[in-house]
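In my numbering, the protein residues as written are 40 to 324.
Notes follow once the structure below has been shown.
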């Protein structure tokens, strides 16, 4: 039996195979579109080596949170735990990767004075925009931590989005408090799918994708392949960057508002028709 491996999943004689635990989720697929934003925090080489080829082949955009003080044009040693070089990030940007600021030095922002905090927010944005020729709209909080002062300064620094960690509904009425479902070493594929199925808008957070996960923030390459391959087969799943998700979310809200407005107009029209019918019936009598 000939078995060949692709960057997405294992194929045997042209057929796709998924673990039996995934099969019930095929039944969930509906006409309602679910939007997914894939995020990678910190900017590790493992993203470029293992995750990027899979996402690039599948045509899936993603958002990369970069710590500007880790940036360099070269490095002496390469390991999955090394940070990305500028050229590697530029290559991913050319394939649809969106850059987000993950601060200048990845310090806990809630413990900084106002001047240091402003430096973390403002300088990182300027550096990233100059290097990658992209408007940096999103800020990813180091350790997921923020306070009222961080929230106050973020829009002044030029950001329109702020993403943390933790469970919750993605709600762009609170654009600086966006949650993300962190996917770690012990996270089962079916748990991720269950989360996506329950939410129309989801942000999935990864750090490193590795063949043999070592730390709790690592995620299995095999499981990542299974997850991405399955989601690509579902017609009700659409992948977006963080900024694209913002636009889509507001489009959905606008449609709801217009629908409600039209519904109100229809109800008023029906009432007028009913009143006219009552008058006609009374006149005939």
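By construction, the Cβ of each residue, glycine as well, lies at the ideal position given by its N, Cα and C atoms.
The structure displayed is predicted, hence computed values, not measured ones.
Collapsed DSSP secondary structure at residue 137 in the structure displayed:
In this structure, DSSP gives residue 137 an extended state, which the three-state scheme calls strand.
Would the segment 131–151 and the segment 107–114 be scored as touching if the rule is three or more Cβ pairs under 8 Å?
With the cut-off at 8 Å, the segment 131–151 and the segment 107–114 touch.
C-beta contact flag for residue 205 and residue 214 at 8 Å:
Going by C-beta atoms, residue 205 is not nearer than 8 Å to residue 214.
Taking residue 262 as part of the beta strand (DSSP E), name the residues at either end of that continuous run.
No beta strand (DSSP E) contains residue 262, which is instead part of the alpha helix (DSSP H) from 260–272.
Is the segment 115–129 close to the segment 152–160, with three or more CB pairs under 8 Å?
Because the criterion of three Cβ pairs below 8 Å is not met, the segment 115–129 and the segment 152–160 do not touch.
If you check the beta carbons only, do residue 177 and residue 282 fall under 8 Å apart?
Taking C-beta atoms as the reference points, residue 177 and residue 282 count as a pair closer than 8 Å.
Member of 71, 158, 89, 147 whose CA lies at the smallest distance from the CA of residue 267
Of the candidates 71, 158, 89, 147, the one whose C-alpha sits nearest the C-alpha of residue 267 is 89.
Could you have a look at residue 124 and say whether DSSP puts it in helix, strand or coil?
Correct three-state label for residue 124: coil.
Going by the DSSP bridge assignment, what does residue 115 pair with across the sheet?
Paired residue(s): none; residue 115 is not in a bridge.
Paired residues, beta bridge with residue 180 - DSSP:
Its beta-bridge partners do not exist; DSSP assigns none.
What does a CB cutoff of less than 6 Å around residue 132 pick up in its chain, not counting 5 residues either side in sequence?
These residues qualify, in order along the chain: 171.
By the three-class DSSP mapping on this structure, what secondary structure does residue 110 have?
Correct three-state label for residue 110: coil.
Give the list of continuous alpha helix (DSSP H) stretches no shorter than 4 residues that lie fully inside the segment 189–275.
Within the segment 189–275, the complete alpha helix (DSSP H) runs of at least 4 residues are 228–237, 260–272.
Have a look at 73, 84, 71, 70 and flag the residue whose alpha-carbon is nearest the alpha-carbon of residue 245.
Looking at the Cα atoms, 84 is the closest of the given residues.
Out of 111, 113, 87, which has the shortest C-alpha to C-alpha gap to residue 101?
Answer by Cα proximity: 87.
Is the beta carbon of residue 74 closer than 8 Å to that of residue 287?
Yes. Within cutoff.
For the alpha helix (DSSP H) containing residue 103, list its first residue and its last residue.
From DSSP, residue 103 is part of no alpha helix (DSSP H) but of the beta strand (DSSP E) over 101–105.
Considering only residues of the same chain and omitting the five flanking positions on each side of residue 193, which have a CB-CB separation below 7 Å?
Only 160, 178, 201, 215 meet the Cβ criterion.
Residue 81 by DSSP, collapsed to three states: which one?
Strand.
Go ahead and label residue 263 buried or exposed: buried means 16 or more other beta carbons lie within 10 angstroms of its beta carbon, across all protein chains shown.
Counting the other Cβ atoms within 10 Å of the Cβ of residue 263 gives 16 or more, which makes it buried.
So, are the CB atoms of residue 149 and residue 186 less than 8 Å apart?
Yes, they are a contact pair.
Helix, strand or coil: how does DSSP classify residue 74 here?
DSSP places residue 74 in strand when its eight states are reduced to three.
Alpha carbon to alpha carbon, what distance is there between residue 239 and residue 158?
When rounded, the distance between both Cα atoms is 35 Å.
Distance CB(residue 249)-CB(residue 231) smaller than 8 Å
Not closer than 8 Å, so no.
Proximity winner among 275, 271, 169, 211, relative to residue 290 (alpha-carbon distances)
It is 211.
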